[in-house]
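Please read the structure below before turning to the comments.
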Amino acid sequence: MLGIGTIAKKVFGTPNDRKIKATRPLVARINALEPEFEKLSDEEIKARTEELAKRANAGESLDDLLPEAFANCREAARRT
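Counted the way this note's numbering counts, the sequence shown spans residues 159 to 238.
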């Protein structure tokens, strides 16, 4: 016989499954930026980093900056 917890996991997924499902749209937005960032030179990547820092310091929401910042960071990491 299945317990309540087992049934809930089957219906709603585990907490980890729910977190992964919630992040999928963000990952899709980041991945969509990949072709744009692959085309940038090293200097342009550096300039984008500085621009993102200025935008964050100016009060732009970190949630709004996250896809672009992560795509920028990922591309920089690939090159090093």
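The C-beta atom is built at its ideal place from N, Cα and C for all residues, glycine as well.
Going by Cα to Cα distance, which pick from the options is closest to residue i?
| i | options | result |
| --- | --- | --- |
| residue 222 | 177, 203, 236, 184 | 184 |
| residue 229 | 189, 182, 173, 211 | 189 |
| residue 224 | 171, 193, 186 | 186 |
Since residue i is in the alpha helix (DSSP H), which residue starts that stretch and which ends it?
| i | result |
| --- | --- |
| residue 207 | 200–215 |
| residue 238 | Careful: residue 238 lies outside any alpha helix (DSSP H) and carries neither H nor E. |
Helix or strand or just coil, what does DSSP make of residue i?
| i | result |
| --- | --- |
| residue 172 | coil |
| residue 197 | coil |
| residue 192 | helix |
| residue 161 | coil |
| residue 218 | coil |
What's the gap between the Cα of residue i and the Cα of residue j?
| i | j | result |
| --- | --- | --- |
| residue 209 | residue 219 | 14 angstroms |
| residue 173 | residue 238 | 35 angstroms |
The stretch 229–236 touching the stretch 196–208, judged by at least three CB pairs closer than 8 angstroms | yes
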